[in-house]
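Trainee: Sending over a structure as structure tokens; questions will come in a sec.
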Amino acid sequence: MAEFFHMGGYAVFVWASYGAALVLMAGLVIVSLSEYRRSKKLVDKFETAEGGRPRRAAMPMSQSVSGADADGSNP
Amino acid sequence: MTPMSLPTTSQKLQAFANPARFMALSGKLLPIAALAAAGLLGTGLYLALFASPPDYQQGETVRIMYVHVPSAWLAMLGYCLIALASAVSLIFRHPLADVAGRAAAPVGASFTALALVTGSLWGQPMWGSWWEWDARLTSVLILFFLYLGYMALWSTLEEPQRAGRAAAVLALVGSINIPIIHYSVEWWNTMHQPASVLRMDGPAIHPSMLVPLLIMALGFTAFFAALVLLRMRTEILRRRLRVLLLARAEA
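Residue numbers (our numbering), protein chains in the order written: chain Z, 1 to 75; chain S, 1001 to 1251.
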């Protein structure tokens, strides 16, 4: 196992590469998800405030959006 | 049946212009892409770190290839997508094209940065240098700045239509850099090794390394697709919010 982490003496370079990829990809997911949730919340709040979602028939975004929110972020 | 009854290209494109239809379709595709990314990246990571051999010349550093090459591919793919979206936006005035370009840019820029960083981490032990001002490295650095310029135009111009047009023109002018990046290793003397997968005589890389590389590349691509779909949905919601806010301001 120690040999595996040693990477033939190139541990710093190999693990820094994989670490950079992990940090960057995780960061992209976290930022993109939080931006999506914020926008979703604002649009929902607005459309409820307008009363009875008058444009729902024209732009049924909310119904398709809830289908993608399998993570349970939707109330 | 007459040919007249067939929809034209423009009509077919218009069918996808409806944001509601895109939201419904992307809502179905997004979980599929995310699951594919998780499965492929998990498998690819195992193959890249455990089940593939060290290189006879480069030793264990060859494992950097499995994140470096897919990142570089996505850097190119992301820019090609933006250039294509820009052309569609300028020619057909297709509203989703702008949305796609804007959503893809930060993702493409991130993978360009990752390609540069992992390349540097590979260059230091193998070439003895973190950075060389050679054709391949310099043209990829320019690609990174093109992404930043594209994103800057989107965020500085307030009105989406004007911002989209300016950004699209920049993206199309900058697309000249894509063939330059690809052929840079052939046209100029460079430290960078030539293409070993996408070449005329077939891949010049052993299957024990080619298979992990392709699986990682597919995983990165699925990850990219899922992220761009998610960011497109966010962008559509933001535009919807903008319309709602403008309507309220007028009322």
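Glycine residues also receive a C-beta, built at the ideal position from the N, C-alpha and C atoms.
#1: In the DSSP assignment, find the alpha helix (DSSP H) that holds Trp1187(S) and state where it starts and stops.
#2: Taking C-beta to C-beta, are Leu24(Z) and Leu1114(S) nearer than 7 angstroms?
#3: With 16 as the cutoff for other CB atoms within 10 Å, does Glu3(Z) come out buried or exposed?
#4: Looking at Pro1212(S) and Ala1037(S), is the spacing between their C-beta atoms short of 7 angstroms?
#5: Beta-carbon of Val23(Z) versus every beta-carbon of chain S: anything under 7 angstroms?
#6: What does a CB cutoff of less than 8 angstroms around Ile1181(S) pick up in its chain, not counting 5 residues either side in sequence?
#7: Alpha carbon to alpha carbon, how far is Met1001(S) from Leu1025(S)?
#8: Which of helix, strand or coil does DSSP assign to Asp44(Z)?
#9: Which value, in whole angstroms, describes the spacing of the CA atoms of Pro1106(S) and Tyr1079(S)?
#10: Beta-carbon within less than 8 angstroms of Val14(Z)'s beta-carbon, same chain only, minus the 5 sequence neighbours each way: which residues are those?
#11: Reducing DSSP to helix, strand and coil, say where Asp1134(S) ends up.
#12: Return the first residue and the last residue of the alpha helix (DSSP H) that Glu1250(S) is part of.
#13: Following the continuous alpha helix (DSSP H) through Leu1198(S), name the residue where it begins and the one where it ends.
#14: By alpha-carbon positions, which one of Phe5(Z), Ala16(Z), Met1(Z) ends up nearest to Pro1125(S)?
#15: Relative to the C-alpha of Pro1207(S), which candidate in Leu1244(S), Ala1051(S), Ile1178(S), Ala1087(S) has its C-alpha closest?
#16: For the region 1046–1062 of chain S, list every residue whose C-beta sits within 7 angstroms of some C-beta in chain Z, in sequence order.
#17: With 8 angstroms as the limit, tell me which residues of the region 1230–1241 of chain S have their beta carbon closer than that to any beta carbon of chain Z; keep them in chain order.
#18: Can you list, in chain order, the residues of its chain with a C-beta nearer than 6 angstroms to that of Val1185(S)? Leave out the 5 residues immediately preceding and following it.
#19: Phe13(Z) CB to nearest chain S CB: under 7 angstroms?
#20: Can you give, in chain order, each stretch of the alpha helix (DSSP H) that sits fully within the region 1042–1113 of chain S and has at least 4 residues?
#21: From this set, Ile1178(S), Arg1242(S), Met1065(S), Ala1204(S), which residue's C-alpha is nearest Gln1161(S)'s C-alpha?
#22: Against chain Z, with Cβ distances strictly below 7 angstroms, would Val1117(S) count as a contact?
#23: Taking all protein chains shown into account, do 16 or more other C-beta atoms lie within 10 angstroms of the C-beta of Tyr1082(S), making it buried, or fewer, making it exposed?
Mentor: On the basis of the data shown:
#1: Along the second sequence, read from residue 1 onward, the residue named residue 1187(S) stands at position 187. Taken as a continuous stretch (DSSP letters only), the alpha helix (DSSP H) holding Trp1187(S) covers 1177–1187.
#2: Mapped onto the first sequence, residue 24(Z) falls at position 24. Mapped onto the second sequence, residue 1114(S) falls at position 114. Contact flag set, yes.
#3: Taking the first residue of the first sequence as 1, we reach residue 3(Z) at position 3. With a 10 Å radius around the Cβ and a threshold of 16 neighbouring Cβ atoms, Glu3(Z) comes out exposed.
#4: As a first step, residue 1037(S) must be located in the second sequence, where it is residue number 37. As a first step, residue 1212(S) must be located in the second sequence, where it is residue number 212. In this structure, Pro1212(S) does not lie closer than 7 angstroms to Ala1037(S) by Cβ.
#5: Within the first sequence, residue 23(Z) is the residue found at index 23, counting from 1. No - not a single Cβ of chain S is within 7 angstroms of the one on Val23(Z).
#6: By one-based count along the second sequence, residue 1181(S) stands at place 181. These residues qualify, in order along the chain: Met1076, Arg1136, Ser1139, Val1140, Leu1143.
#7: Counting from 1 along the second sequence, the entry for residue 1001(S) is found at position 1. Counting from 1 along the second sequence, the entry for residue 1025(S) is found at position 25. Residue placement at Met1001(S) is poorly supported in this model, since its pLDDT is 46, which falls under 50; the coordinates are not used for a value here.
#8: Reading the first sequence from its first residue, position 44 is the one you call residue 44(Z). Reduced to three states, the DSSP call for Asp44(Z) is helix.
#9: For the purposes of this step, residue 1106(S) is taken as the residue at position 106 of the second sequence. For the purposes of this step, residue 1079(S) is taken as the residue at position 79 of the second sequence. In a straight line, the C-alpha of Pro1106(S) is about 11 angstroms away from that of Tyr1079(S).
#10: Here residue 14(Z) refers to the residue found at position 14 when the first sequence is read from its first residue. Closer than 8 angstroms at Cβ, skipping near neighbours: Met7.
#11: Your numbering for residue 1134(S) matches position 134 in the second sequence. In the three-state scheme derived from DSSP, where H, G and I count as helix and E and B as strand, Asp1134(S) is classed as coil.
#12: Taking the first residue of the second sequence as position 1, residue 1250(S) is located at position 250. Taken as a continuous stretch (DSSP letters only), the alpha helix (DSSP H) holding Glu1250(S) covers 1207–1250.
#13: Within the second sequence, the letter at position 198 stands for residue 1198(S). Bounds of any alpha helix (DSSP H) do not take in Leu1198(S), whose DSSP letter is neither H nor E.
#14: On the second sequence, position 125 is the one that residue 1125(S) refers to. Nearest C-alpha to Pro1125(S): Ala16(Z).
#15: The residue given as residue 1207(S) occupies position 207 in the second sequence. Nearest of Leu1244(S), Ala1051(S), Ile1178(S), Ala1087(S) to Pro1207(S), Cα basis: Ala1051(S).
#16: For the region 1046–1062 of chain S, residues whose beta-carbon sits nearer than 7 angstroms to a beta-carbon of chain Z comprise Pro1054, Gly1059, Glu1060, Thr1061.
#17: Those would be Leu1230, Arg1231, Arg1233, Thr1234, Ile1236, Leu1237, Arg1238, Arg1240, Leu1241, in chain order.
#18: Position 185 of the second sequence, counted from the first residue, corresponds to residue 1185(S). Taken in chain order, the residues that qualify are Arg1136, His1192, Pro1194.
#19: Numbered from its first residue, the first sequence carries residue 13(Z) at position 13. For Phe13(Z), the answer is yes, since a Cβ of chain S falls inside 7 angstroms of its Cβ.
#20: Runs of the alpha helix (DSSP H) inside the region 1042–1113 of chain S: 1065–1092.
#21: The residue you call residue 1161(S) lines up with position 161 of the second sequence. Measuring from the Cα of Gln1161(S), the nearest candidate turns out to be Arg1242(S).
#22: Here the question's residue 1117(S) lines up with position 117 in the second sequence. Yes, because at least one Cβ of chain Z sits closer than 7 angstroms to the Cβ of Val1117(S).
#23: Within the second sequence, the letter at position 82 stands for residue 1082(S). Inspection of the sequence shows that residue 1082(S) is occupied by Ile rather than by Tyr. Buried is the call here.
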